[in-house]
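J.:
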Amino acid sequence: MILYLKFNNFLKRVPEIILHQCFIPKIAEVTETRIEPAIWYKVLMLDSMLIDCDNRRVFWTVEYLPKQSNFHSVEESRIPVDSILEYFSTQESLFEDTECYDYDTFVGELFDMAAEIARQYVQGQINNDLRLRILQLLHCFILPKIKLKVIHMQYLEFALKLVDQELKDVEENIQHKDTAKRNMENSLRKQREKMMQTDDFTKELFVATCNREFLEFFLTHIIRDVKKAHEKLVLLQEEIDNLRSSSNEQNQQNLSDIRKKRDLEHDEITKLQTVRETIKNVIGRPHVKKKKRKLPKKTQDSIIFQEIYVEISRRYQNDVSDIHELLLGKLKMQSVREAIYLTMEELHEEGESVGYHHKHGTNQAETDILDQNLRPTEWLTLEEKVQNLFDLNHDGFQSKFDKFCESVIDKCQQVIAERNMFGVLEDTKSEQETGTCTVPGKNLECDLLVTPTSAQFLNLMGRASQCRRSYDSQSVHSRGSSRIDSLALSQGIPQEALEGITKSIMENLTEMSKDIAVEISDENEKVPRTLVTKMYISYERRVAEKLMPKLAELYIIKFESNIQSLRKWLAHVTLADIGIDDTAVQKLIAPKKVSSVYILEQEMGSLNVDEAMKHPHSEDDWHHESQRSLRLRKCSLTTLYEYVDHDCDNMPEFFDHNPLEWSEDIEIQVNSSEGSESSECLENSVGLSESPDSQGILTFVEESDNYRGHFNKMDESSDYQDDSGKVQTRSSPAESQYVLMKLEKHNQSQNVHEINCLSCINDIDVTDDKGEKIYVEMRSPRQHRSHDVVFNGNGDVPADSSVSPMYTNFVACFDKFEGFFSKMISSTSIFKKLRHITKAVRYTEEQLRGIRDKNGDSSPVMSDDLLTTIIILLVRMNPELMHHLYAHLNLVIALLPQFLAGNAHDYALVTLYGAFQYLNDQFTLYKTRQS
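Below you can see the structure in the form of structure tokens.
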């Protein structure tokens, strides 16, 4: 595998990295045998890798192409940087959403180490220690994160063949060396027996004349012979014990023979022990003072035999050592092969490999199979160092941690117990008394949250002492009361209790992170703030594993009633009721293509999205059409209509020019002093006729003190007939869409203002000669309003509802949206939850941008567009998922550290929170109108 390092726009190539003999990581001449190499099977598959320290990304590829060979073989000074970066940009990568991994200790430590290695390579400070750090970087950080897919199966099979072939060669080598070892054992044993018969090794005088190296080998072999002889003697004694009580003549004869063998074996053991002690006295006990005696003369034969014995012993020892190393290597190769088999099994079952496993009950990455601790101490990551502090209970960290967690869990259980004892008390008196909440046009029966017996008990004991004082419901427009934040309502869990729990957790996280940072850092160095932040993140994961389930339970209980009421309300209202219509959805899809006529036709209900995309109108086209504008001066209403009739003669032809023809008749109602005359003028100028079956209504209303009441009254009382003849009633003012045309009155009578006659989608007020403003309302037909989507209790659209294909196709593009939040809820750490929230918001933004690109619209995705899309997706979300998401979102906000302010996580959190806040505000407004 070839490794490239990019740092400060410099690109350096590292010498080839291989898995020598399929179990030894090797770079250049540097190897590392102190680690378990199971994860290194990926090096057998990978062709090249790029670590981009500037953008904090890691690219890798398994394919070998001629183009890549050119990259790898070219001189380092002539490396085509742009070509290499362009090639790797299309390959597999790690940490694609870089901003999602902010404040991740693992990713931060990875790229800090990679940047330091790359900097030394750029400066030419290359040595074996630096190469060893590259192996550490790959083993501890990068290789465990690489996930394989089904398309990589052929490369896994290739790697498996390499390992199997290497195992076969090793086994043959082991068998060959084992045969040679046994032959040498027999040869040495025969030589010992012969020398002990010819030479007297029981005498120190003779032993002192022998070669010291020979005596060391000879002593080692004698000790082994004594053990074998003793084992044989024990077996013979057991046979004698079994035959001793037998009266059979044959057994008696066998007993006699075995006793003779035992005696001979005993004599042999005695002789071997004598020789052993004699040699030990000569070479192992130099403190014993020996008398000076005349040493016997050495014979030539004894010298030659001793030299031969020493040489064979050396070879025998080398073979034993080689066999031991081969067996260890075979075990490591088998672990590599086992890792390949496990990956192939994962691909068959899951479609992708996990990449690495977590140790049971921890967040520590598991990269080893045989021995989890088989790695150098200096290779430990920050997470592992923190883990060791708690495992060893150094400086009482584990004791403090356990004591703190127990106290928090006790507080949570106490709060829950109090809530179960006294029940859930609503914030408003009316809802407590009636047990129902009302939605315009519908009644939603809600479950009573307090049993009659409990309510009677609380009233007798003094309800004011158990909850906040309740007041009669008041309007949000009342000057005597301030608006209540819909997200701050406490449903049965005292807010003070939750704030106290979260505050104690935040204080403990801050204090313990500082203590851990001091313990890990060098004593002579000042603790950097970045290290304290990393320790905060690391320690928070440990705390979250213990406390998150109980904290989540508290917040789920707290917001249960709030979310249930919100979901019941959402199940009986339309998207238009919350301010999102087809126009808003169309603006999300292609904002540049949404022109005035385009939106006007959509409001009239005759717009087909697919056809509309085939006939886009650019801004230049509408600027050209603006030449047909009206010239308005300070004039009477009658004169205004004369100008309209005179200057807009081509307006009907222009509408006919659009292939999307209007099929609706529009009824004109003018409520002004000149209503009759104006109605005729405008009707004739626009070319629209009034029919009894018309359902679109264009209404002029004079601005007066009660004009808003007139609008509301008209909205609430206006009925219409659908295609089947059934009378339908408008349920709320929000279901009507207002297109207000506003023409400002000018103090200077000579100024001429050109207003596009097609810009009727803007809010415009017309001023007549009396100085009174006139409002124009455009109402679309009910049966064509595809944004009137009613959701059932599960967040899905009922089968009988009228839903436009545009809305259905738009929502279908975000099929993975809920999956991010399912992972977020199951995660324990606050930072993991933030990462999934950020990924969900980023996914929504990318999908929305992709939709616009497909429709030929390159306009950027604004924050309002993103917020509107998330609101639509939240409305159709599964109720249970929405409940848990809302609870966990507020929990994340409560435990959010200060150093996270202003980054991508903060932006995503604010966006999601704003979407929930919008829905809650709309719900609060509806409840207020009913009260």
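So for the sequence shown, this note's numbering puts the first residue at 189; every next one is plus one.
Don't be surprised by glycine CBs; every beta carbon is placed ideally from N, CA and C.
1. So does residue 1030 have its beta carbon nearer than 7 Å to some heavy atom of the ligand GDP?
2. Would you call the CB atoms of residue 721 and residue 1087 closer than 8 Å?
3. Using three-state DSSP, classify residue 897 as helix, strand or coil.
4. What span of residues does the beta strand (DSSP E) with residue 246 cover, start to end?
5. Measure from the alpha carbon of residue 390 to the alpha carbon of each residue in 379, 407 and 378, then state which is nearest.
6. Just the Cα atoms here: how many angstroms apart are residue 511 and residue 194?
7. My output table needs one value for residue 291: the three-state DSSP class, helix, strand or coil.
8. Taking the alpha helix (DSSP H) that residue 1070 belongs to, which residues open and close that run?
9. Going by CA-CA distance only, name the one from 697, 325, 228 and 542 that's closest to residue 241.
10. Return helix, strand or coil for residue 215, following the three-state DSSP convention.
11. Is it true that the CB of residue 233 sits closer than 8 Å to the CB of residue 532?
12. Quick check: the region 352-372 against the region 501-516, are at least 3 beta-carbon pairs closer than 8 Å?
13. Which residue comes first and which comes last in the alpha helix (DSSP H) that contains residue 202?
14. Is the region 413-431 touching the region 443-460, taking contact as three or more C-beta pairs under 8 Å?
15. Could you tell me which of 456, 402 and 381 sits nearest to residue 415, measuring between CA atoms?
16. Counting pairs of beta carbons, one from the region 570-590 and one from the region 293-302, are three or more of them closer than 8 Å?
17. Tell me where the beta strand (DSSP E) around residue 1088 begins and ends.
18. Helix, strand or coil: which one does DSSP assign to residue 300?
19. For residue 494, is the classification buried or exposed, using 16 other Cβ atoms within 10 angstroms of its Cβ as the cut-off for buried?
20. Once you ignore the five residues that flank residue 331 on each side, which residues in its own chain have a CB closer than 8 Å to its CB?
21. Residue 751 and residue 1071 look like a contact to me (Cβ under 8 Å); what is the Cβ gap, rounded to whole Å?
22. What residue range is occupied by the uninterrupted alpha helix (DSSP H) comprising residue 340?
23. Please state whether DSSP places residue 240 in a helix, a strand or coil.
24. I think residue 343 touches residue 1019, with their Cβ atoms under 8 Å apart; what is that distance to the nearest whole Å?
25. Give every residue of the same chain whose Cβ lies closer than 6 Å to the Cβ of residue 1096, excluding the five residues on either side of it in the sequence, and list them in chain order.
26. In terms of DSSP beta bridges, what is residue 194 paired with?
27. I'd like the list of long-range same chain contacts for residue 747, defined as Cβ closer than 8 Å, with 5 residues on each side in sequence excluded.
28. Following the continuous alpha helix (DSSP H) through residue 280, name the residue where it begins and the one where it ends.
29. How should residue 339 be labelled, buried or exposed, when 16 other C-beta atoms within 10 angstroms of its C-beta is the threshold for buried?
30. My parser needs the alpha helix (DSSP H) runs of 4 or more residues fully inside the region 991-1060; what are they?
31. When you compare each of 1031, 1114, 732 and 775 to residue 1056 by their alpha carbons, which one comes out closest?
32. Can you tell me which of the three DSSP states residue 760 falls into?
33. Run through the DSSP bridge pairs and tell me what residue 208 is partnered with.
34. Write down the C-beta distance between residue 453 and residue 420 rounded to the nearest angstrom, noting that I regard them as a contact closer than 8 Å.
35. With contact counted as at least three CB pairs below 8 Å, one residue from each stretch, are the region 304-319 and the region 257-267 in contact?
T.: Based on what the coordinates show:
1. Absence of the ligand GDP from the depicted structure is noted, as is the absence of any ligand whatsoever, leaving it without description.
2. yes
3. Confidence in residue 897 is poor, its pLDDT being 37 and thus under 50, which makes the residue's placement unreliable; the coordinate value appears in the next sentence. It is helical.
4. Per DSSP, residue 246 belongs to the beta strand (DSSP E) from 245-249.
5. 407
6. 43 Å
7. coil
8. 1067-1082
9. 325
10. strand
11. no
12. yes
13. It is not in any alpha helix (DSSP H) - residue 202 instead sits in the beta strand (DSSP E) that spans 198-202.
14. yes
15. Nearest to residue 415 by C-alpha distance, out of 456, 402 and 381, is 456.
16. yes
17. Where residue 1088 is concerned, there is no enclosing beta strand (DSSP E), given that its DSSP letter is neither H nor E.
18. helix
19. buried
20. 227, 228, 230, 231 and 555.
21. The beta carbons of residue 751 and residue 1071 sit about 4 Å from each other, so the pair counts as a contact at 8 Å.
22. Unbroken run through residue 340: none, as it is neither H nor E.
23. strand
24. 34 Å between Cβ atoms; not a contact.
25. 1025, 1026 and 1029
26. 199 and 240
27. 679, 1071, 1074, 1075 and 1078, listed in sequence order.
28. Boundaries for residue 280: no alpha helix (DSSP H) harbours it, while the beta strand (DSSP E) harbouring it runs 280-282, taken from the DSSP string.
29. Result: exposed.
30. List check, alpha helix (DSSP H) in window: 993-1000, 1005-1014 and 1018-1042.
31. 775
32. coil
33. 212
34. Taking C-beta atoms under 8 Å as the contact rule, residue 453 and residue 420 qualify, at a distance of about 6 Å.
35. no
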